[in-house]
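Report on one structure; see the data block that follows.
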Amino acid sequence: MPISSQPNDAFNSPITLPPVTRSQTPAPTPAQQPTPPSDPQRSAQSDATKLHWQDNAPAEPAPSECILAARQIVKSYSIGNQERRILDEVDFSLRPAECVFLMGPSGSGKTTLLSILGMLLSPNSGQLYFGGLRVDQISPEQRTEIRRKCIGFVFQRLQLINALDALDNVAIPVTLSGTPLSEARTQAADLLCRVGLESHLNALPGSMSPGQCQRVAMARAVIHRPPLVLADEPTAALDGQSGEAVMQLLRELTQERGLSTVVVTHDHRMEKFADRICRLDNGRFQ
Ligand SMILES: Nc1ncnc2c1ncn2[C@@H]1O[C@H](COP(=O)(O)OP(=O)(O)OP(=O)(O)O)[C@@H](O)[C@H]1O
Ligand SMILES: [Mg+2]
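Sequence positions in the sequence shown follow UniProt numbering and run 1 to 286.
Below, the structure is given as structure tokens:
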């Protein structure tokens, strides 16, 4: 099957990614049949069963079954004469349409791992697969192309363009792939309505609340229907209620489109939105 079940012009590119197949074997975690996070009936018990699959199963799935797979990732920095290992032979797997949370103490390496998964940062060693393709072995230009077309980023510091209104903050990035501006604006307006910002299409980021800006950033991340969305602390700047609303929307948007998602968060109140939780500590999964 294709990486995304949704039509995705991003794949009409010279880079042909191998198809990702869903495993015929049961997923190795109790969260293998996740209750949709939007389901208010979701029980506390089901949340308690979320485990990193290393907790109860030794093997990671094959990279060909994953939209994203990292194997034996090492990242270290030299500080003075000393080398400091930030990620210590980390394995990570993300299945199609799965939402995995990365949690762990400050400094444990969450952003570093997310940056490596998003091909924004290179590891010292290890293998990274996107759709079964070894992306650590392709050219930087090809990685950039995959990142632009196939990954949507939501960052804590939203990186909205202050001089552009909400509509163009969402629309302009898709015009870079050749979509005419008028069409991009129509798609952006639809998405902004979808995230409840129909009355803020022409608002500048400076005049919107943090929660509204975060919703603009989410719309921007998914407008090109990337098969993968990576979000680093998307609710950190928000109060509890706005944070829940934003996370709920992120899950709805990604579920509607069948997108796979990795979310870094510190916020335990958000755990109910995850299909699976991976906890990092000192550069290793617990
Ligand atoms: N460019 C760099 N040079 C040296 N050390 C770095 C660099 N980037 C990150 N680090 C170190 O790597 C460690 C992990 O950083 P990272 O940002 O991944 O942590 P984190 O888990 O995301 O933390 P937080 O929850 O506070 O955002 C930290 O000790 C950080 O100081
Ligand atoms: Mg971080």
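Ideal Cβ placement from N, Cα and C applies to all residues, glycine included.
> Going by the beta-carbon positions, is the gap between SER177 and LYS149 smaller than 8 Å?
Replying inline: If you number the sequence shown from 1, residue 177 lands on position 177. If you number the sequence shown from 1, residue 149 lands on position 149. In this structure, LYS149 lies closer than 8 Å to SER177 by Cβ.
> Cα-Cα, which of PRO173, MET270, LEU280 and PHE285 is closest to CYS99?
Replying inline: For the purposes of this step, residue 99 is taken as residue 99 along the sequence shown, with counting starting at 1. Here the closest residue by C-alpha is MET270.
> Any chance the CB of VAL264 is under 7 Å from a heavy atom of ligand 2?
Replying inline: Here residue 264 refers to the residue found at position 264 when the sequence shown is read from its first residue. True, at least one ligand heavy atom lies under 7 Å from that Cβ.
>> Taking DSSP's pairing of strands, which residues face MET103 in a bridge?
In response: The residue given as residue 103 occupies position 103 in the sequence shown. DSSP lists ARG279 as partners of MET103.
> Does DSSP put ASP168 in a helix, a strand or coil?
Replying inline: To locate residue 168, count along the sequence shown from 1; it is residue 168. Note: ASP168 maps to helix in three-state DSSP.
> How long is the line joining the alpha carbons of GLY107 and GLU183, rounded to whole angstroms?
Replying inline: Position 107 of the sequence shown, counting from 1, holds the residue named residue 107. Position 183 of the sequence shown, counting from 1, holds the residue named residue 183. Going from the Cα of GLY107 to the Cα of GLU183 covers about 42 Å.
> Which runs of the beta strand (DSSP E) spanning at least 3 residues fall entirely within the region 207-263, listed in chain order?
Replying inline: 228-232
>> Could you check whether the region 128-140 touches the region 62-69, counting it as contact only if at least three pairs of C-beta atoms, one from each stretch, sit closer than 8 Å?
In response: yes
> Cα separation between ASP275 and VAL135?
Replying inline: Taking the first residue of the sequence shown as position 1, residue 275 is located at position 275. Taking the first residue of the sequence shown as position 1, residue 135 is located at position 135. Looking at the two C-alpha atoms, the distance is approximately 25 Å.
>> Measuring CB atoms only, is the region 207-216 touching the region 135-146, in the sense that at least three cross pairs come out at less than 8 Å?
In response: no
> LYS110: beta carbon under 7 Å from a heavy atom of ligand 3?
Replying inline: Of the ligands this structure carries, namely ligand 1 and ligand 2, none is ligand 3.
>> With H, G and I counted as helix, E and B as strand and the rest as coil, what does DSSP make of GLN187?
In response: Working through the sequence shown from its first residue, we reach residue 187 at position 187. In the structure shown, GLN187 sits in a helix (DSSP, three-state: H, G or I).
> Which first and last residues belong to the alpha helix (DSSP H) in which LEU113 is found?
Replying inline: By one-based count along the sequence shown, residue 113 stands at place 113. Its alpha helix (DSSP H) spans residues 110-117.
> According to the Cβ coordinates, are MET208 and LEU253 closer than 8 Å?
Replying inline: As a position in the sequence shown, residue 208 is number 208, starting the count at 1. As a position in the sequence shown, residue 253 is number 253, starting the count at 1. No, the pair does not count as a contact, with Cβ atoms beyond the cut-off.
> For LYS50, does the three-state DSSP call read helix, strand or coil?
Replying inline: In the sequence shown, counting from the first residue as 1, residue 50 sits at position 50. Reliability fails at LYS50, whose pLDDT of 46 lies under 50, so the model's placement of it is uncertain and no value is given.
> Got a sec, what are the start and stop residues for the beta strand (DSSP E) GLU89 sits in?
Replying inline: Walking along the sequence shown from the start, residue 89 turns up at place 89. That run of the beta strand (DSSP E) goes 82-94.
>> Do LEU192 and GLU198 have their beta-carbon atoms positioned less than 8 Å apart in this structure?
In response: Start at 1 with the first residue of the sequence shown, and residue 198 comes out as number 198. Start at 1 with the first residue of the sequence shown, and residue 192 comes out as number 192. Contact: yes.
> With DSSP run on the structure shown, which of helix, strand or coil describes PHE130?
Replying inline: Residue mapping note: residue 130 aligns to position 130 of the sequence shown, counting from 1. Three-state result, PHE130: strand.
>> Measuring only the C-alpha atoms, how far is LEU167 from ASP239?
In response: Along the sequence shown, read from residue 1 onward, the residue named residue 167 stands at position 167. Along the sequence shown, read from residue 1 onward, the residue named residue 239 stands at position 239. Between LEU167 and ASP239, the C-alpha separation is close to 25 Å.
> With DSSP run on the structure shown, which of helix, strand or coil describes VAL195?
Replying inline: By 1-based counting over the sequence shown, the position of residue 195 is 195. Three-state DSSP puts VAL195 in coil, outside helix and strand.
> For VAL74 versus LEU87, is the C-beta distance shorter than 8 Å?
Replying inline: Here the question's residue 74 lines up with position 74 in the sequence shown. Here the question's residue 87 lines up with position 87 in the sequence shown. Cβ distance < 8 Å, so VAL74 and LEU87 count as in contact.
>> Taking the beta strand (DSSP E) that GLN72 belongs to, which residues open and close that run?
In response: Numbered from its first residue, the sequence shown carries residue 72 at position 72. Here the beta strand (DSSP E) through GLN72 covers 68-79.
> In whole angstroms, what separates the C-alpha of residue 288 from that of ALA189?
Replying inline: Nothing can be reported for residue 288: it is not among the residues displayed for the chain, which extend from 1 to 286.
> Is any heavy atom of ligand 1 found at a distance shorter than 7 Å from the C-beta of GLY107?
Replying inline: For the purposes of this step, residue 107 is taken as residue 107 along the sequence shown, with counting starting at 1. Yes, ligand 1 has a heavy atom inside 7 Å of this Cβ.
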